[in-house]
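First comes the structure, then the notes that go with it.
Written as structure tokens, this is what we have:
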């Protein structure tokens with residue numbers, strides 16, 4: 132399954148006093164595994180001495196995307212540039228359109244890239 136990822140990639144400038152250049156970069160990564168976990172925010176109130184508890188559905192959802200891919204060093208460096216950059220977005224592989232996300236974690240062992248992305252609700 133493909134993960135389409137884009138974001139503002141910081142381009143370092145050799146002149147330390149000059150501002151960094153930015154460019155929007157788009158990547159397509161072929162993933163071995165791509166999963167989404169969606170949870171609702173629930174508040175539980177337990178009343179002592181009462182006959183149970185009350186559940187309050189706050190209506191907020193959060194989606195967490197876990198991706199695992201076999202990539203080379205060049206692809207890893209491109210993803211790392213987006214990780215260190217800003218405004219990452221993905222095209223939801225499960226059909227929800229373009230989503231703003233935040234990188235929670237990124238790990239690479241020279242072959243396997245693992246990413247955790249959290250949907251950023253605006």
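Numbering (this note's numbering), first residue to last: 132 to 253.
No residue lacks a Cβ here, since even glycine has one placed at the ideal position from N, Cα and C.
Asked, Found
"Buried versus exposed call for residue 202 [16 or more other C-beta atoms within 10 Å across all chains shown]", "buried"
"Simplified DSSP state of residue 212, which is helix, strand or coil", "helix"
"Alpha carbon of residue 226 to alpha carbon of residue 219, nearest angstrom", "18 Å"
"DSSP three-state assignment for residue 204, whether helix, strand or coil", "helix"
"7 Å CB neighbourhood of residue 207 in its chain, flanking five on each side removed", "239 and 244"
"Distance between residue 248 and residue 133 (C-alpha atoms, nearest Å)", "15 Å"
"Where the beta strand (DSSP E) through residue 224 begins and ends", "First-last for residue 224: undefined, no H or E at that position."
"Whether residue 169 touches residue 194 by CB criterion (8 Å)", "yes"
"Rounded straight-line distance, which links the Cα of residue 200 to that of residue 161", "6 Å"
"Residues near residue 188 in its chain [Cβ-Cβ closer than 7 Å; skip 5 each side]", "171 and 173"
"Selection from 229, 210 and 211 that minimises the alpha carbon distance to residue 251", "229"
"Nearest neighbour of residue 241, chosen from 234, 205, 224 and 222 [CA to CA]", "205"
"Closest Cα partner of residue 197 within the set 139, 209, 236 and 138", "236"
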